[in-house]
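Each protein sequence line maps, in turn, to chains D and B.
Numbered per my numbering, the first sequence finishes at 116, counting up by one with no gaps.
Numbered per my numbering, the second sequence finishes at 1441, counting up by one with no gaps.
Positions of the beta carbon are idealized from the N, C-alpha and C atoms, including for glycine.
Single-structure report; data block below.
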Amino acid sequence: MTEKTFPELRRKLTSGWWTSNRHYVQYMVREWTSLFVALFSLVYIYGLSLLATGSRSAFLNLLKSPAMIAFSFIALIFTLYHAVTWFYLLGQVVPVKIGKTTSKPWQALVANLVLLIIVSYLVIWLLVLR
Amino acid sequence: MAAGVEMREEAPRVARLHAILWGIFSLGGMLAAFLLPVMIYLTGIAYPLGLWPLNGSRDPSFLVMGTLLGVLFVFVTVAGSLFHGIFRFQSALTEVGLLRLKKGLEAAGYLIIFAGIILLAYYLLVLNPSLPAL
């Protein structure tokens, strides 16, 4: 008895697989924004090392340099993008059931964005204005 | 038989470690989403450009010096964001062709995360030898 063999049709995944589809691109952009979240943290720890070793002016000059200001703007935009996608994701992963209705992802997004504004203002009030 | 028992004990332990690491990852995602934007705005934009609420009269070193609340805010925000950002970026790299380096990437990622968090805690303690109350 001979077994019929079929040619194996398996598409090989290249490193650019995520460019084939809009959703994959969105996914990859979302994942790469996390690089800026991490980079800001690392730069901030570096700044703290300057401050902790007694050179306050070096810390402040770092923050005032045009490159750092430009980086902060990019990091802020990507962090907000992270926040928006994270809130949307939360709505998909843990929908809230109220009575018979289940919350939609966009509702979680809106609720969390309002919360983000409240939390941000609270931080500024507690740490700066008070 | 003995190997079977060992495996049964091993599996939940690994799963528990993974659950804890993923738990910290999502906690970091929350912190990065809710606290990092305002922190970047205060230190990287409002201070150098003299905008509200600092108005050019204060520099952001007050955040990490003097008040326990400020120190806690900086610690949880930076540590959480670092954990989340590196963890996620490291796993994104394995999806664009670096899968064969997965082990190495994971090791490098955790090294950066833990070294970063330890340094962060150390510098905050150096800046605040005796933490005053809230």
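Any C-beta of chain B under 8 angstroms from that of residue i
i	result
Y30/D	yes
S1/D	yes
R(-3)/D	no
R152/D	It is not possible to answer for residue 152/D, since the shown part of chain D is limited to -13 through 116.
V100/D	no
L46/D	yes
V114/D	yes
I55/D	yes
A94/D	no
V105/D	yes
V11/D	no
Same chain, Cβ closer than 6 angstroms to residue i, neighbours up to 5 away in sequence not counted
i	result
L21/D	none
L1361/B	A1353 and Y1354
M1308/B	Legend: pLDDT at M1308/B = 44, less than 50; position of this residue unreliable, value from coordinates given subsequently. Cβ within range, chain order: n/a, list empty.
L1370/B	G1377 and V1381
Start and end residues, alpha helix (DSSP H) containing residue i
i	result
S35/D	R8 to A38
A69/D	P52 to V79
W92/D	P91 to I110
F1390/B	L1375 to L1400
L1412/B	K1409 to L1434
Same chain only: Cβ atoms within 8 angstroms of residue i, ignoring 5 sequence neighbours per side
i	result
L1441/B	With a pLDDT of only 49 at L1441/B, under the threshold of 50, the placement of this residue in the model should not be trusted; the figure read from the coordinates follows. Excluding residues within five positions, the ones whose Cβ falls inside 8 angstroms are T1374, L1375 and L1376.
Given residue i as reference, the closest of the options once Cα atoms are compared
i	options	result
S27/D	F1382/B, G1363/B, P1319/B and V1403/B	F1382/B
I63/D	E1402/B, V1385/B and G1351/B	G1351/B
R42/D	M1372/B, V1385/B and L1358/B	M1372/B
L121/D	L1431/B, S1437/B, P1436/B and N1435/B	As displayed, chain D neither begins before -13 nor continues past 116, which places residue 121/D out of reach and without an answer.
L112/D	L1379/B, S1398/B, F1421/B and Y1417/B	L1379/B
V29/D	I55/D, L99/D and T0/D	I55/D
T5/D	K(-2)/D, M14/D and R(-3)/D	M14/D
G77/D	I110/D, K90/D and Y67/D	K90/D
Cβ neighbours of residue i in the same chain (closer than 7 angstroms, five flanking residues each side left out)
i	result
A1386/B	I1424 and L1427
D1366/B	Y1354
Any chain D beta carbon closer than 8 angstroms to residue i
i	result
H1325/B	no
P1319/B	no
Y1354/B	yes
P1436/B	no
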